[in-house]
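Visitor:
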Amino acid sequence: MNTNNRPAFLDLLADDVILTSTFLKGSIAGRASVIHIIQTVVSYYTSLSRSFHDSLDNREFIEYDAELLGGLALHGMIAMTKNDDGMISRLSVTQSPIESVLWLSTELGKKLSTDYGNDVFL
């Protein structure tokens, strides 16, 4: 993450990027929507430490541990697939444990349901 808590990979999102995540019922498409959701997720982190970062061909992986505002611990894995232009076309964020995921998803639903609907988050 950079100094303004904006994950650096957001600058590499393709216009038609697709986000899938443990906290979503389905997927979200589009650069602006994905940036909005990821920045909102990050706003619930009180701490973040990256434990793994590597790439293979057109894929990049980041593993991290975070603490949420509610004091819950969260472990996450981000998998990014890049298109031929080097832009991220698929972004997958998986997280655990389920208690933390459900808390985060509930908070996201409260904050973002007017933008994305009531049936997007768990």
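Per the numbering used here, residue 16 is the first one in the sequence shown, and the count goes up by one each step.
Heads up, the beta-carbon is just placed ideally off N, CA and C, and yes, glycines get one too.
1) Give every residue of the same chain whose Cβ lies closer than 8 angstroms to the Cβ of S66, excluding the five residues on either side of it in the sequence, and list them in chain order.
2) Between which two residues does the beta strand (DSSP E) harbouring K97 extend?
3) Measuring alpha carbon to alpha carbon, tell me which of L71, R74, N73, G91 ends up nearest L63.
4) Around the Cβ of E114, are there at least 16 other Cβ atoms within 10 angstroms (buried) or fewer (exposed)?
5) DSSP three-state label for D130, please.
6) Can you tell me whether R46 is helix, strand or coil according to DSSP?
7) At what residues does the beta strand (DSSP E) containing L137 begin and finish?
8) Here's a check: name, in chain order, each residue in its chain whose Cβ is nearer than 6 angstroms to the Cβ of H68, leaving out the five neighbours to either side.
9) Check for me: the beta strand (DSSP E) holding F13 runs from which residue to which?
10) Here's the rule: buried if 16 or more other CB atoms are within 10 angstroms of the residue's CB, otherwise exposed. What is A29?
Guide: This is what the structure holds:
1) Working through the sequence shown from its first residue, we reach residue 66 at position 51. Around S66: E78, Y79, D80.
2) Indexing the sequence shown from 1 puts residue 97 at position 82. K97 -> beta strand (DSSP E) spans 88-97.
3) Along the sequence shown, read from residue 1 onward, the residue named residue 63 stands at position 48. Minimum Cα distance to L63 is reached at G91.
4) Against the sequence shown, residue 114 aligns to sequence position 99. By the 16-neighbour rule on beta-carbons within 10 angstroms, E114 is exposed.
5) In the sequence shown, residue 130 corresponds to position 115, counting from 1. Here D130 sits in helix by DSSP.
6) Residue mapping note: residue 46 aligns to position 31 of the sequence shown, counting from 1. In the structure shown, R46 sits in a helix (DSSP, three-state: H, G or I).
7) In the sequence shown, counting from the first residue as 1, residue 137 sits at position 122. Boundaries cannot be given for L137, as no beta strand (DSSP E) includes it and DSSP labels it neither H nor E.
8) The count along the sequence shown starts at 1 and reaches residue 68 at position 53. Scanning its chain for C-beta atoms nearer than 6 angstroms, with the 5 sequence neighbours on each side dropped, one finds around H68 the residues I77, in chain order.
9) Within the shown structure, residues of the chain are numbered from 16 to 137, placing residue 13 beyond reach of any answer.
10) Reading the sequence shown from its first residue, position 14 is the one you call residue 29. Flag for A29 reads buried.
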